[in-house]
């Protein structure tokens, strides 16, 4: 499918079992396709066996082709209405667009972190444990309102 839309064949890799999605031991399942963004040479050489295991690549999108219903006896029954489930990680796509290495560097998180720092904005240096605590606070606040 990728080559039909112009993706060079050398940019497509099969990941075996990693390219099969299932929610649990039973239920809907099927093959999946993951889209990775290559962050560039500054993160290492190209072409790992599995881009998910290399910091040069970040998975930004996933497509699951729901085709089967896994039974407890191992039988795969074709679904009456196969479907495609797709999802993109908002922060992952934003990190590509803003060219940052961590979600905490995104504009939306920086604004929230600055607000959470309060008195620390006066130039005090944060301990790493304090920064991690603020990041957790900001992540929970964001997720409860988004």
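Numbering (this note's numbering), first residue to last: 19 to 164.
Backbone N, C-alpha and C fix where the C-beta goes; we use that ideal spot for every residue, glycine too.
Quick caveat, the model's predicted, so the values are computed rather than measured.
(message) Using only the alpha-carbon positions, how far apart do residue 107 and residue 81 sit?
(response) Locating residue 107 in the chain shown gives position 89, counting from the first residue. Locating residue 81 in the chain shown gives position 63, counting from the first residue. Using only the alpha carbons, I get a separation of about 12 Å.
(request) Using the Cα positions of residue 84 and residue 101, report the straight-line distance between them to the nearest angstrom. (result) Within the chain shown, numbered from 1, the residue matching residue 84 stands at position 66. Within the chain shown, numbered from 1, the residue matching residue 101 stands at position 83. Near 5 Å, if we compare the C-alpha coordinates of residue 101 and residue 84.
(message) In the DSSP assignment, the beta strand (DSSP E) including residue 101 goes from what residue to what residue?
(response) On the chain shown, residue 101 is found 83 positions in, with the first residue counted as 1. It spans 94-106 - the beta strand (DSSP E) in which residue 101 sits, taken as one unbroken run.
(request) Measure the C-alpha to C-alpha separation of residue 129 and residue 32 and round it to an integer number of angstroms. (result) Translated into positions along the chain shown, residue 129 becomes position 111. Translated into positions along the chain shown, residue 32 becomes position 14. Near 39 Å, if we compare the C-alpha coordinates of residue 32 and residue 129.
(request) Tell me where the beta strand (DSSP E) around residue 80 begins and ends. (result) Along the chain shown, read from residue 1 onward, the residue named residue 80 stands at position 62. Unbroken beta strand (DSSP E) run through residue 80: 75-88.
(message) Closest to residue 62 by C-alpha separation, out of 74, 118, 42, would be which residue?
(response) Numbered from 1 along the chain shown, position 44 holds the residue referred to as residue 62. That would be 74, whose Cα lies nearest to the Cα of residue 62.
(message) Quick check on the burial criterion: 16 or more other C-beta atoms within 10 angstroms. Buried or exposed for residue 98?
(response) The residue you call residue 98 lines up with position 80 of the chain shown. With fewer than 16 Cβ atoms within 10 Å of its Cβ, residue 98 is classed as exposed.
(request) Along the alpha helix (DSSP H) that carries residue 126, what are the first and last residues, could you check? (result) Here the question's residue 126 lines up with position 108 in the chain shown. That run of the alpha helix (DSSP H) goes 125-135.
(request) Could you give the DSSP three-state label for residue 117: helix, strand or coil? (result) Indexing the chain shown from 1 puts residue 117 at position 99. Looking at residue 117 - three-state DSSP - the assignment turns out to be coil, as it is neither helix nor strand.
(request) Could you please give the first and the last residue of the uninterrupted alpha helix (DSSP H) stretch that includes residue 47? (result) On the chain shown, residue 47 is found 29 positions in, with the first residue counted as 1. Run containing residue 47: none in the alpha helix (DSSP H); it sits in the beta strand (DSSP E), 45-56.
(request) Pull up the CB-CB distance for residue 26 and residue 37, whole angstroms please, since I reckon it's below 8 Å. (result) For the purposes of this step, residue 26 is taken as residue 8 along the chain shown, with counting starting at 1. For the purposes of this step, residue 37 is taken as residue 19 along the chain shown, with counting starting at 1. Not really, about 19 Å apart at Cβ, beyond 8 Å.
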